[in-house]
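To start, the structure under review is shown below, and the notes come after it.
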Amino acid sequence: MIELHIANRIQKSSGISLIQVKAVLSLLEEGNTIPFIARYRKEKTQGLDEVEIFRIAKIQKDLIELDDRRKFILETIAEQGQLTSELQEKINQALDLLTLEDLYAPYKKKKKTKADIAIENGLLPLAEFILRQPNQELSPQAKKYICEAFPSIEQVLQGAQDIIAENIFNDVALREQIRELYVKYYSISSKLIKTKEKEATVFKDYFDYSEPIRKIPSHRFLAIERGEQLKLLRIKFIIEESEVIHRIQMKYVKNKTESGILIAKTCQMVWEKSLSESIENQVRKIMKDKSDEVAIQVFSENIRQLFMEAPLGEKKIIAIDPGFRTGSKVVVLDEAAMLLKHYTIFPLAPMQQTEEAYQKIHKDIKQYNIKFIAVGDGTGGRDIVDWLNSVLDTTDISIFNISEQGASIYSASEVAREEFPTLDLTYRGAVSIGRRLLDPMAELIKIDPKSIGIGQYQHDVNQKMLKEKLDSTLVSCVNQVGINVNTASKYLLNYISGLGNTISENIIQYRNEKGKIESKTELKKVPRLGPKAFEQCAGFIRIKDGISILDNTAILPEHYTLVDQMASSIGVSTSDFVANSQLRKAVKLADFITDKVGEYTIKDILVELDKPGLDPRGEIEKFEYLEGIRSIQDLKEGMIVNGIITNITKFGAFVDIGIKISGLIHISELSDKFISDPNEIVKLKQKVKAKVITIDINRERVQLSLKK
């Protein structure tokens, strides 16, 4: 059952209409997945896309976690017998976790404080008297409270001061004001720890750095945080301390009586001894959470673009993992990416067995009718490509440089051992390089995205948040493309809507025992694949050359009858209707709209029939580096170089230009017009022609520009 207060808060936070929010929450509650809702329940959501649906689901999850924490806090304080109606109202009205924790802080089980001891010994009335700040001397009042634990007037007054100090420290509204002061007006700085200059060269930009808290970009904050964790930098807030103390005193000091003066001193003491550190920890956490959120979004977008890179498709290929001393590992893969053959060649120094290497490669090209060769882009990659171009007739052969990032992780992984238990891990790496050419998504899905080598701070951010975001990104990518159920690995099947590890393994086992799956409805015979799982997965599964031509489309089986009815309405067979786009134009869409099937669904069906089974990732493009560029020394300012975008950050894009280091196109050099996000101009794996604008050989940095 949908809780209305949750729906209302989601609507307010997201800006999405309440009707749409309720529809999504209801569909999620029924067990529908986000890809399924976005694609097949548009009538109910009024056309919300995956991003909007994910946002609703994320806000709902956060609100439920917040309410669970709220409930725990209320119960805990109630058990202590300290839950007043005023406190209960404040806790119920808290809209974020930070405020909740501030309210709960005084009631957490902790070591007995000085204030606790003072209260136990009856000094609370004295503290309350001082807070009223009457124009009276304190000594006569304090004398009344002398006891064994507080045997002098000075100690009694100190005890009362401890109580007041704790009240100030736990003042939720005051904390909020001071945090706001930090975020709006103050700065954060980093400085080099003097003895660490040699080890800290990578952080040179942050040796003497400061920036307003409200302006600092996520990548800079995460950079100085990393420098601090490595004990190379020291981070400090630049604040007007007297202004903060004055703010505290403004709230608590009413006059210049003896009590008022004592409270003023207490305010300063609280700030200097404990509150400043506590506030700065909270501000750091706020900054870290926001920076994590941005970094995770950037990284997940990079992963999306990498996974959606165009595949070569079902072709026989040769793949080469380059090497010098130990040789280059060669594998031959068939159309289904299965290993046919493997061996080592030594065309490069020091062995330079070029003729023998040529004979082996040439023989396989002829025997297997090879038209495509994948070469890893690591050490020796350019040399292997040059050698291949020098010995082969490449008019009929296309050579592709393929990223090796993550290939070594795969080759030593449990997945690789399961696929190739007897194959040396060096050949497994070559297989992975080849498979990345055939189908990047199908191969990359086997590797932890964090190890692929794109992004900068994926190991520094909140790992739980990162995993949730990456999982949702992979689910989105796999379902956007769809999978061939007769060839897909269990790693791809895992991410299909409605499936999961157990059902995926059952599909593989069913396939192995029964042979080719001939129709989507046959999937119902797979153990554990019940009606709900079938409903959720069927639209994202493809069956090539199956019983029904519609099984190779994204059309749901529940709508096949609708397609038959459309064909019948104009007097043609379903196969002719599917094959001929001109016939489909004769259909009157309004005739098929019902209370269950709306205009969204009808239009999506016709769009799908225009491109049945089409891969949304597009077609692969060939790329070549600029001839003669092998190292930073070969570059000259003003030179135009060919490059591939390998990483996108909030501050720009990194480009592989065929040398050991990547060039950087700063966000200000991506376009002649102002942009706030590099993704407006470039995408991962995009081919670009960039101008070299600065070269720093000592720091190994190359700055590039796409400006005209």
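Residue numbers in the sequence shown follow the numbering used here, run continuously in steps of one, and reach 709 at the last position. Cβ atoms here follow ideal geometry from the backbone N, Cα and C, with glycine treated the same way.
Give the single residue among the options whose Cα lies nearest to the Cα of residue i.
i, options, result
"ILE297", "LEU101, ALA95, THR474 and LYS367", "THR474"
"GLN354", "LYS372, VAL157, GLY324 and ALA375", "GLY324"
"ASP322", "THR395, GLN142, THR380 and LYS216", "THR380"
"SER505", "GLY516, LYS521, GLU519 and VAL486", "VAL486"
"GLY614", "ALA265, GLY314 and LYS111", "GLY314"
"LYS72", "ALA58, LYS59 and LYS91", "LYS91"
"THR396", "ILE374, ARG383, ALA408 and ILE346", "ILE374"
"ILE74", "LEU471, TYR108 and TYR183", "TYR108"
"LYS257", "LEU132, TYR458 and THR327", "LEU132"
"LEU389", "PHE347, VAL432, ASP546 and MET640", "PHE347"
"ASN643", "GLN634, LYS692 and GLY456", "LYS692"
"LYS45", "LYS23, CYS148 and GLN134", "LYS23"
Give the secondary structure of residue i by DSSP, where H, G and I count as helix, E and B as strand, and everything else as coil.
i, result
"VAL479", "helix"
"LEU334", "strand"
"HIS460", "coil"
"PRO213", "strand"
"GLN704", "strand"
"LYS72", "helix"
"GLY664", "strand"
"ASP449", "coil"
"ASP697", "strand"
"LYS589", "coil"
"LEU193", "strand"
"GLU367", "Here the sequence assigns Lys to residue 367, which means Glu is not the residue at that position. LYS367 falls in the helix class under three-state DSSP."
"ALA417", "helix"
"ALA580", "helix"
"LYS716", "There is simply no residue 716 to check, as the chain begins at 2 and stops at 709 in what is shown."
"ARG543", "strand"
"THR355", "helix"
"THR46", "helix"
"LYS604", "helix"
"THR114", "coil"
"VAL527", "coil"
"TYR207", "helix"
Taking DSSP's pairing of strands, which residues face residue i in a bridge?
i, result
"SER279", "Looking at the DSSP assignment, SER279 forms no beta bridge with any residue, so it has no partner."
"ALA443", "Bridge partners of ALA443: none, in fact."
"HIS343", "VAL332"
"VAL376", "ILE321 and ASN402"
"ILE646", "VAL656"
"PHE238", "ILE189"
"ALA691", "VAL642"
"ILE484", "ILE542"
Take the Cβ of residue i as the centre, count every other Cβ of all protein chains shown within 10 Å, and call the residue buried at 16 or more, exposed below.
i, result
"VAL245", "buried"
"VAL52", "exposed"
"PHE37", "buried"
"ARG543", "buried"
"GLN360", "exposed"
"LYS623", "exposed"
"GLU4", "exposed"
"GLN94", "exposed"
"ALA337", "exposed"
"LYS589", "exposed"
"GLY456", "buried"
"VAL333", "buried"
"ARG437", "buried"
"PHE675", "exposed"
Can you give me the Cβ contacts of residue i inside the same chain, cut-off strictly under 8 angstroms, excluding the 5 residues immediately before and after it?
i, result
"VAL271", "ALA166, ILE169, PHE170 and ILE249"
"LEU705", "VAL642, GLY644, VAL656, ILE658, GLY664, LEU665, ILE666, GLU670, ALA691, LYS692, VAL693 and ILE694"
"TYR187", "PRO213, ILE214, PHE238, ILE239, ILE240 and GLU241"
"PHE421", "LEU340, TYR428, ARG429 and VAL432"
Using C-beta distances below 6 angstroms, list every residue in its chain close to residue i, excluding the 5 sequence neighbours before and after it, in chain order.
i, result
"ILE287", "none"
"VAL173", "ASP103 and LEU104"
"LYS491", "SER505, GLU506 and ILE509"
"PHE208", "LEU193"
"LYS274", "none"
"GLN162", "THR267"
"GLU31", "none"
"SER477", "GLU51"
"LYS342", "VAL333"
Excluding the 5 residues preceding and the 5 following residue i in the sequence, name in chain order all residues of the same chain whose CB lies nearer than 7 angstroms to its CB.
i, result
"ASN370", "LYS317"
"LEU493", "ALA443, ILE446, VAL479 and ILE484"
"ILE603", "LEU590, PHE593 and ILE594"
"THR575", "VAL564, ASP565 and ALA568"
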